[in-house]
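**Q**
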Amino acid sequence: MTPVEAGRQSRLFRNLSAKIASIPMILTALVIFVGGTAWTVFYSFTNSKLLPRATFVGLEQYERLWATPRWLMAVENLAIYGVFSLVFSLVIGFLLAALMDQKIRFENTFRTIFLYPFALSFIVTGLAWQWILNPSFGIQQVVRNLGWQSFTFDPLYDADIVIYGILIAGLWQGTGLIMCLMLAGLRGIDGEIWKAARVDGIPTWKTYVFIIIPMMRPVLVTTLVIIASGIVKVYDLVVAQTSGGPGIASEVPAKYVYNYMFLAQNLGQGFAASTMMLLSVIIVVVPWAYLEFGSKRRHG
Amino acid sequence: MVDHVLRATPDMAAAAAPAGRAGDFAGPSGPRPRRAFSRRNIFIYGTLAVVAIYYLLPLYVMVVTSLKGMPEIRLGNIFSPPMEITFEPWVKAWSSACTGLNCDGLSRGFWNSVRITVPSVFLSIAIASVNGYALANWRFKGADIFFTILVIGAFIPYQVMLYPIVIVLREIGLYGSLWGLVLVHCIFGMPILTLLFRNYFASLPEELFKAARVDGAGFWTIYLRIMLPMSLPIFVVAIILQVTGIWNDFLFGVVYTKPDTYPMTVQLNNIVNAVQGVKEYNVNMAATLLTGLVPLVIYFVSGKLFVRGIAAGAVKG
Numbered sequence: 383m384t385p386v387e388a389g390r391q392s393r394l395f396r397n398l399s400a401k402i403a404s405i406p407m408i409l410t411a412l413v414i415f416v417g418g419t420a421w422t423v424f425y426s427f428t429n430s431k432l433l434p435r436a437t438f439v440g441l442e443q444y445e446r447l448w449a450t451p452r453w454l455m456a457v458e459n460l461a462i463y464g465v466f467s468l469v470f471s472l473v474i475g476f477l478l479a480a481l482m483d484q485k486i487r488f489e490n491t492f493r494t495i496f497l498y499p500f501a502l503s504f505i506v507t508g509l510a511w512q513w514i515l516n517p518s519f520g521i522q523q524v525v526r527n528l529g530w531q532s533f534t535f536d537p538l539y540d541a542d543i544v545i546y547g548i549l550i551a552g553l554w555q556g557t558g559l560i561m562c563l564m565l566a567g568l569r570g571i572d573g574e575i576w577k578a579a580r581v582d583g584i585p586t587w588k589t590y591v592f593i594i595i596p597m598m599r600p601v602l603v604t605t606l607v608i609i610a611s612g613i614v615k616v617y618d619l620v621v622a623q624t625s626g627g628p629g630i631a632s633e634v635p636a637k638y639v640y641n642y643m644f645l646a647q648n649l650g651q652g653f654a655a656s657t658m659m660l661l662s663v664i665i666v667v668v669p670w671a672y673l674e675f676g677s678k679r680r681h682g
Numbered sequence: 031m032v033d034h035v036l037r038a039t040p041d042m043a044a045a046a047a048p049a050g051r052a053g054d055f056a057g058p059s060g061p062r063p064r065r066a067f068s069r070r071n072i073f074i075y076g077t078l079a080v081v082a083i084y085y086l087l088p089l090y091v092m093v094v095t096s097l098k099g100m101p102e103i104r105l106g107n108i109f110s111p112p113m114e115i116t117f118e119p120w121v122k123a124w125s126s127a128c129t130g131l132n133c134d135g136l137s138r139g140f141w142n143s144v145r146i147t148v149p150s151v152f153l154s155i156a157i158a159s160v161n162g163y164a165l166a167n168w169r170f171k172g173a174d175i176f177f178t179i180l181v182i183g184a185f186i187p188y189q190v191m192l193y194p195i196v197i198v199l200r201e202i203g204l205y206g207s208l209w210g211l212v213l214v215h216c217i218f219g220m221p222i223l224t225l226l227f228r229n230y231f232a233s234l235p236e237e238l239f240k241a242a243r244v245d246g247a248g249f250w251t252i253y254l255r256i257m258l259p260m261s262l263p264i265f266v267v268a269i270i271l272q273v274t275g276i277w278n279d280f281l282f283g284v285v286y287t288k289p290d291t292y293p294m295t296v297q298l299n300n301i302v303n304a305v306q307g308v309k310e311y312n313v314n315m316a317a318t319l320l321t322g323l324v325p326l327v328i329y330f331v332s333g334k335l336f337v338r339g340i341a342a343g344a345v346k347g
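Keeping their order, the protein sequence lines are chains A and B.
Read in order, the letters of the first sequence correspond to residues 383 to 682 in this note's numbering.
Read in order, the letters of the second sequence correspond to residues 31 to 347 in this note's numbering.
Structure below.
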C-alpha cells in the first residue's frame, strides 16, 4: 500500500461513526429523493402501461394528459381550492390571531378549540363533514324542518359547487394552525411599536395594515409556503368526502395520479401527472427559495 | 445553502430551540383592553365564541350521532342530543363493522395502526436523532450536500416518489407488509426530524461536547450519555409529531399495504364509504371518532408541546 493510498483510506475512515450514522440520510436523499424523482420524470416520457417500460414516446403522455377532461377538471379544482384556501386561511387565520392577541382571557381554551381539528386526519375530517353536509339528514334537512322547505345546501351532491364543500372541511381543519403561526408572529413584534403608534395617534387597524403586517413578512412567507405545499397534496380529504364525485366533479391531481398508477394500470399517465405536480411545486418553491437566497446574500 | 432553508422556516427553528427559549406565546402584545363590558370586549369575545362554536360543532355532531339509534337518526335532527343513549354503534364499529367480506370491525385496523406506528415512531426518531447529532457535532465533508437534498426533498409531492418506492420495496421483499410501510414512514419522516434534531443539538453549548471529547468519549458515548439525557423535550416533540402524523396517514397506507394490513384510516374510509349495504350513520360516526381518538387524546394531553410539534411538522403538509 502506497502512502497516498493509505492517506486516502484513513481520510475515508476518519469520523467513521458519523458517516455510518448518516447512511440512512444519504440513501434516502440519493435513492428516494433524487433517484425516485428522476426515475418518475424519465418514465413519464414512455408508454408504460401495467409495468414500467422504457419505450419512448416523447411528450405523448403529456399531450394526452392535457386532453383528458378528468385532468382538466382536477387542475381547475385545485386552482379554485388553492386560491380560496390560501386567501381564507390567511385572512381568517390572521383575524383570529389578532383577536387572540388582545390580552383576552381564556386564551388557552380558545386556542385548544381552534387547533384541535388539526390533530385529526383528513379522513376523519372528510367523513365528519360528509355527514354534516348530508342533504337528507344534515344542515339542509335541519333548516327545512324549521319550516323553510325550499332551502337547498347540498354542496357534496352538486357538481358545480362540490369543491367548495371540500373547501369548508379543509378550512375547518387547517385554519387553526395558521392562526397559531400568525399569533407567534404577532407576539414576535416589539411592544414598543404599538406604543409608538399609539402615541402618534394611528388607529389600530392602520397600525395592523401598514406597520404590523409588513413587519410579519417572514412569518407570512413561511405560512404561505406551508399552505401552498399542503394544497398540492390534497388527496385524503377528497377521497373521504366525495371519492371524487359526483362523477368527476371533485377530482384533484393527487387522486388522478393514484387512480392511473394503481387502479387504471396506466403508469405513463400517472407519471406524467405526478411530474406536472412536481412542476407546480417548483414554480411555487423556487421563487421563494430565491427570495430567501437573495436576502441572505444581501446581509452578507 | 442548508442555512437558507433553515432560515426560511423560522418556526421550525423555534420549535427546535430548547424549552426556555421558544416562548412563542410568551405574552400578548396588543393594546390593553379597558372596561370589562365595553363594546370592544363584547365584539372580541362574541366573535371568538361564535367561531369556537363553529369549530366544536362537527365534534359535537359526531358524538351525538354515534350515541343515537338509527330510528332516531332517521327522524332527522343531527344537532339534537340523543333521546336515548346507546353505545351499540361503538361496539359494532369496533368489533363487527364490515369492509367487503370482512366483518371484524375497526379493531383490526386499530391494531394494524398500532403495529405500524410504534416501530415507525421508534425507528424514525432513532435514525433521525443520531443523524442530526452527526450533522451538528461530527460534521464531515459532503454531509451538508446530502442534508440539503433531504430538506429540499420534503417539498417534492409524494406522488412523484410513490412508484419508485413500490419497486424498491418489491426488490427487498417488503411490498405489502407492515414493515414496508414502517420503512416508508421512516423515509418521509426523515427530513423534518433530522432538521429538528440537528437544530436542537446545534443549539446546545459546544463546551459540553468538547469537554466530553477531551475526556476521551467517542461518538456513541457522547450521544447516549450526554446528548440523549439533555434532549428529552425535543424527543417528546418528535414523538408527538410522528405519532399523530403516522396515525393519520392515509396515502402510504393505501398504497403500500394490503387489505389485511390496512391501517385504521384506510379501513375507516372503506367502512364508511362502502357502496353496498344500508348506511348506518351512527356506526360510521362511532368508527370515525374511534379513529380520531388517538391523536385527539395526544393533543389534549400534550398541550403546548403539540403546538411546537406541529409548528415544526407543518412543512410536511
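Glycine included, each C-beta is placed from N, C-alpha and C at the ideal position.
(1) Determine the DSSP secondary structure at V345/B, reduced to helix, strand or coil.
(2) Counting only C-beta atoms, is R51/B closer than 8 Å to chain A at any point?
(3) So is A268/B in contact with chain A if we call contact Cβ pairs under 8 Å?
(4) Among the residues of its own chain, which have a CB less than 6 Å from the CB of M564/A, if the five just before and after it don't count?
(5) If you compare alpha carbons, which of F415/A, M407/A and G627/A is closest to I157/B?
(6) When you compare the CB of D618/A with every CB in chain D, is at least one pair closer than 8 Å?
(7) Answer with yes or no whether the minimum CB distance from M92/B to chain A is below 8 Å.
(8) Beta-carbon within less than 7 Å of M260/B's beta-carbon, same chain only, minus the 5 sequence neighbours each way: which residues are those?
(9) Whose C-beta lies closer than 6 Å to the C-beta of D536/A among residues of the same chain, with five residues either side of it excluded?
(10) In terms of residue numbering, what span does the alpha helix (DSSP H) encompassing K240/B cover?
(11) Tell me which residues of the region 299 to 324 of chain B have at least one Cβ-Cβ distance to chain A shorter than 9 Å, keeping chain order.
(12) Contact defined as beta carbons within less than 8 Å: I believe Q685/A pairs with F504/A. What is the distance between those atoms, to the nearest angstrom?
(13) Nearest to L153/B by CA position, among V93/B, Q272/B, V305/B and G283/B, is which residue?
(14) Which whole-angstrom value is the C-beta distance of T586/A and T422/A, which I expect to be below 8 Å?
(15) Assign K334/B to one of two classes, buried (16 or more other C-beta atoms within 10 Å of its C-beta) or exposed (fewer than that).
(16) Between G339/B, L298/B and Y292/B, which lies nearest to L211/B when the distance is taken from Cα to Cα?
(17) For V198/B, does the count of other Cβ atoms within 10 angstroms reach 16, so buried, or fall short, so exposed?
(18) When you compare the CB positions of A317/B and L136/B, do they come within less than 8 Å of one another, or not?
(19) Do we get a CB-CB distance below 8 Å when we pair A173/B with the residues of chain A?
(20) Roughly how many angstroms lie between the CA atoms of A456/A and I609/A, to the nearest whole one?
(21) Just grab the DSSP bridge partners of T428/A for me.
(22) Is the shortest distance between the beta-carbon of L326/B and the beta-carbons of chain A less than 8 Å?
(23) Closest to P221/B by CA distance: which of S159/B, I202/B, N314/B and T274/B is it?
(24) Rounded to a whole number of angstroms, what is the C-alpha to C-alpha distance between R435/A and V148/B?
(25) So if I threshold CB-CB distances at 9 Å, which residues from the region 183 to 212 of chain B count as touching chain A?
(26) Ordered along the chain, which non-local residues of its own chain (more than five positions away) have a Cβ less than 8 Å from that of R452/A?
(27) Would you say T147/B lies against chain A (beta-carbon separation less than 8 Å)?
(28) Give me the Cα-Cα distance between Q651/A and E445/A, rounded to the nearest whole angstrom.
(29) Mind checking L574/A: buried by the 16 CB within 10 Å criterion, or exposed?
(30) Sorted by chain position, which residues of the same chain lie with C-beta nearer than 7 Å to Q647/A's C-beta, five sequence neighbours on each side aside?
(31) Answer yes or no: do L192/B and V284/B have a C-beta to C-beta separation smaller than 8 Å?
(32) Considering only DSSP beta bridges, list what G206/B is partnered with.
(33) If G99/B and N312/B are in contact, beta carbons under 8 Å, what's the gap, nearest whole angstrom?
(34) Is it right to say K615/A is buried, meaning 16 or more other beta carbons lie within 10 angstroms of its own, or is it exposed?
(35) Can you tell me whether C133/B is buried or exposed, with buried defined as 16 or more other CB within 10 angstroms of its CB?
(36) I'd like to know whether the C-beta of Q531/A is nearer than 8 Å to at least one C-beta of chain B.
**A** Working from what's here:
(1) Bear in mind that the predicted position of V345/B carries a pLDDT of just 46, short of 50, making it unreliable; the figure below should be weighed with that in mind. Here V345/B sits in helix by DSSP.
(2) In this predicted model, R51/B has a pLDDT of only 39, less than 50, meaning its place in the structure is not dependable; the value taken from the coordinates is given anyway. No, its Cβ sits nowhere closer than 8 Å to a Cβ of chain A.
(3) no
(4) G475, F476 and A479
(5) M407/A
(6) No chain D is part of this structure, whose protein chains are labelled A and B.
(7) yes
(8) L234
(9) P517 and Q522
(10) E236 to V244
(11) N299, V302, N303, Y311, N314, M315, A317, T318, L319, T321 and G322
(12) Given that chain A is displayed from residue 383 to residue 682, the structure contains no residue 685/A and the question cannot be resolved.
(13) Q272/B
(14) Contact doesn't hold; Cβ gap of about 51 Å is too wide.
(15) exposed
(16) Y292/B
(17) buried
(18) yes
(19) yes
(20) 18 Å
(21) F438/A
(22) yes
(23) S159/B
(24) 37 Å
(25) G183, A184, F185, I186, P187, Y188, Q189, V190, M191, L192, Y193, P194, I195, V196, I197 and V198
(26) I630, E633 and Y638
(27) no
(28) 10 Å
(29) According to the sequence as given, residue 574/A is Glu; it is not Leu. Per the 10 Å Cβ criterion, exposed.
(30) K431 and L432
(31) no
(32) T287/B
(33) 7 Å
(34) buried
(35) exposed
(36) no
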